[in-house]
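Residue numbers (this note's numbering): 38 to 207. These notes concern the structure reproduced below.
Shown next, in the form of structure tokens:
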């Protein structure tokens, strides 16, 4: 037997517990945006699995358990991204001047496919040699935002360059 949560009950739960969940996530992350995202994810997942809750446990306990699981998932993802970013930062940067002409052309083509923000962050970090902190100050964004753009840019460039490399060598 499962607890049945309809839209009316869910709305009440949302209004009753949103602030508590949000405050808890904010205290743990230190970020308004991240706290908001985690709170929304918690309610989305709670709604998605609304037909599988135990009627013997309070709805509050089950909602906060879902929030805990959402937070643990976020920490795991955050940890993986942080490790990748740290690994990228430790890799030796190869000066653009040392690249072959074909590779330079391929790299420029790939860079042109990045979004404007990622392209700017990538150029500042890898072409002009700015630190993440300097880029953050220059663009008026957080260091974490810069790290994310660098990570995602490199990820996207790897995919694009892999395709270009395959096409060149067919």
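Beta carbons: idealized from backbone N, C-alpha and C, even for Gly. Every value quoted in this text rests on a predicted model; they were computed, and no experiment measured them.
Should residue i and residue j be called a contact, given that it needs their Cβ atoms to be closer than 9 Å?
i, j, result
"residue 162", "residue 180", "no"
"residue 50", "residue 76", "no"
"residue 194", "residue 159", "yes"
"residue 107", "residue 46", "no"
"residue 118", "residue 185", "yes"
Ignore the nearest five residues each way along the sequence and tell me which others in residue i's own chain have a CB closer than 8 Å to its CB.
i, result
"residue 198", "143, 144, 147"
"residue 69", "63"
Can you list, in chain order, the residues of its chain with a C-beta nearer than 6 Å to that of residue i? Leave out the 5 residues immediately preceding and following it.
i, result
"residue 42", "87"
"residue 182", "none"
Whose C-beta lies closer than 7 Å to the C-beta of residue i among residues of the same chain, with five residues either side of it excluded?
i, result
"residue 83", "100, 103"
"residue 192", "none"
"residue 172", "158, 161, 162, 183"
Just to check my reading of the structure: residue i and residue j have Cβ atoms closer than 8 Å, yes? What is that Cβ distance to the nearest angstrom?
i, j, result
"residue 116", "residue 155", "Actually they are not in contact, since the Cβ atoms of residue 116 and residue 155 sit about 22 Å apart, beyond 8 Å."
"residue 79", "residue 72", "Contact flag wrong, Cβ pair sits at about 11 Å."
Taking all protein chains shown into account, decide if residue i is buried (16 or more other Cβ within 10 angstroms of its Cβ) or exposed.
i, result
"residue 169", "buried"
"residue 94", "exposed"
"residue 151", "buried"
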